[in-house]
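A quick write-up on the structure given underneath.
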Amino acid sequence: MSLRIGILMGGRSAEREVSLKSGRAVYDALVAKGYEVKTIDISAELPARIKEARVEIVFVALHGPLGEDGTIQGVLDLLNIPYTGSGVLASALAMDKVATKRILLSEGLPTPRFAEYRRPEDEEEILELAETVWAEFAGTLVVKPPGQGSSLGMTIVRNQGEVVGALRTVFQFGDRALVEEFIPGIEVTVPLLGNRSPRVLPMIEIISETGLYDYQSKYTPGLSHHIIPPRISDEAQAEIARLAVRTFELLGCRGLARVDFILSEDGRPYILELNTIPGLTPVSLFPDSAKAAGIDMSQLAETLLVLAQEHYMEAGGFVD
Ligand SMILES: Nc1ncnc2c1ncn2[C@@H]1O[C@H](COP(=O)(O)OP(=O)(O)O)[C@@H](O)[C@H]1O
Ligand SMILES: [Mg+2]
């Protein structure tokens, strides 16, 4: 492929810094292969910037709202430029953890029990809501914003006193709270690569030094460890791989995705979420898994561009 490639990175989401690192890793990987590559830090005048750069294909290295949620994908559809990863609908569905879970449940796929709550009007109602949440999920529960990544705004609540604080935190990120039952167990993530019937790359068990795979442990080298293959039975691995592919297909993803799981102590897999643009930084899970499969970062970036082009051609020169 000898096309001019644009990498969209940065943006306005809380994951801007991660995106800049993912974009940089992709840039280095493609330049190493001799490609003509431009980086574009997205801003309000995005369509003009993309046109100006005269790129023929776009690598989307954005994470979080306004990058991974279908908005940029819609802009690129309008400009009729092929791009890496999922289209508008899959991106939007996967970015919303509540929407994802509803779809999983509609097909009988396992995901932790949950409820969605709206931000109350005033302080007194927050206290009431905390009571309701505790009554429904007493024990250990997780409170997270439905539309963020990188564990931003998330709290694992261990006693009743922590519920109010967790709700206040989550409502700083928006007016919806996803409350989920906490599943103790082994955390496993599954990278997928391909358009239809994606290839399952080596799955990874994640352990965190802090006991929580949060923003800090995700992006500070040494605070989390990737174990390939995970220390779980062959049957559990096969079941998790099957569920990951079902989730990818159910949401209508393409190119790449990473599905996060918890394998409970009694051996049952639960799907937490699907990431349509998983981190691509040098310490991220996806590139690590690809490496274990003998695919280096340059080959990975190139494969994603080829998949983007294949989809574009199949769609008759129009995306989505
Ligand atoms: N219901 C749950 N049970 C156990 N651990 C959870 C649960 N939800 C989240 N976690 C932990 O928090 C991390 C981040 O949650 P996740 O739903 O994957 O959101 P994101 O990665 O988008 O922030 C997970 O990787 C896992 O370590
Ligand atoms: Mg996750």
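Sequential numbering of the sequence shown, starting at 124, is according to my numbering. Quick reminder that beta carbons are idealized off the backbone N, C-alpha and C, glycines included.
Answer with buried or exposed for V154, where buried requires no fewer than 16 other C-beta atoms within 10 angstroms of its C-beta. For the purposes of this step, residue 154 is taken as the residue at position 31 of the sequence shown. Per the 10 Å Cβ criterion, exposed.
CB of A238 within 8 Å of CB of V293, strictly: By one-based count along the sequence shown, residue 238 stands at place 115. By one-based count along the sequence shown, residue 293 stands at place 170. No, Cβ-Cβ distance for A238 and V293 is not below 8 Å.
With DSSP run on the structure shown, which of helix, strand or coil describes V406? As a position in the sequence shown, residue 406 is number 283, starting the count at 1. Residue state, collapsed to three classes: coil.
Helix, strand or coil: how does DSSP classify L189 here? Here residue 189 corresponds to residue number 66 of the sequence shown, with the count starting at 1. Note: L189 maps to coil in three-state DSSP.
Across the stretch 420-435 and the stretch 139-153, are there enough close Cβ pairs to call them in contact, namely three or more that are closer than 8 Å? Taking a cut-off of 8 Å for Cβ pairs, the stretch 420-435 and the stretch 139-153 touch, as three or more such pairs fall below it.
Taking 8 Å as the cut-off, does the stretch 217-224 touch the stretch 393-408 (at least 3 CB pairs, one atom from each stretch)? By the Cβ criterion, the stretch 393-408 is in contact with the stretch 217-224, since at least three pairs of Cβ atoms, one from each stretch, lie closer than 8 Å.
Buried or exposed: which applies to E159, given that a residue is buried once 16 or more other Cβ atoms fall within 10 Å of its Cβ? Here the question's residue 159 lines up with position 36 in the sequence shown. Classification for E159: exposed.
In whole angstroms, give me the CA-to-CA distance for G133 and P352. Sequence index remark: in the sequence shown, residue 133 carries index 10 (1-based). Sequence index remark: in the sequence shown, residue 352 carries index 229 (1-based). G133 and P352: Cα-Cα distance of roughly 32 Å.
Can you check which of these residues, R299, R322, G262, is closest to Q283 by C-alpha distance? Working through the sequence shown from its first residue, we reach residue 283 at position 160. With distances taken between CA atoms, Q283 lies nearest to G262 out of R299, R322, G262.
Taking 8 Å as the cut-off, decide whether the C-beta atoms of A176 and I163 are in contact. In the sequence shown, residue 176 corresponds to position 53, counting from 1. In the sequence shown, residue 163 corresponds to position 40, counting from 1. A Cβ-Cβ contact shorter than 8 Å links A176 with I163.
Considering Cα atoms alone, identify which of G193, V368, L185 is closest to G317. Locating residue 317 in the sequence shown gives position 194, where the first residue counts as 1. Residue V368 is the option with its Cα nearest to G317.
Chain-order list of residues whose beta-carbon lies under 8 Å from that of F384 (same chain, five-residue window excluded): As a first step, residue 384 must be located in the sequence shown, where it is residue number 261. So the qualifying residues of the chain are E310, V311, T312, V313, I363, L366, A367, P392, Y393, I394, L395.
Cβ of T343 within 8 Å of Cβ of K144? Indexing the sequence shown from 1 puts residue 343 at position 220. Indexing the sequence shown from 1 puts residue 144 at position 21. Contact flag unset, no.
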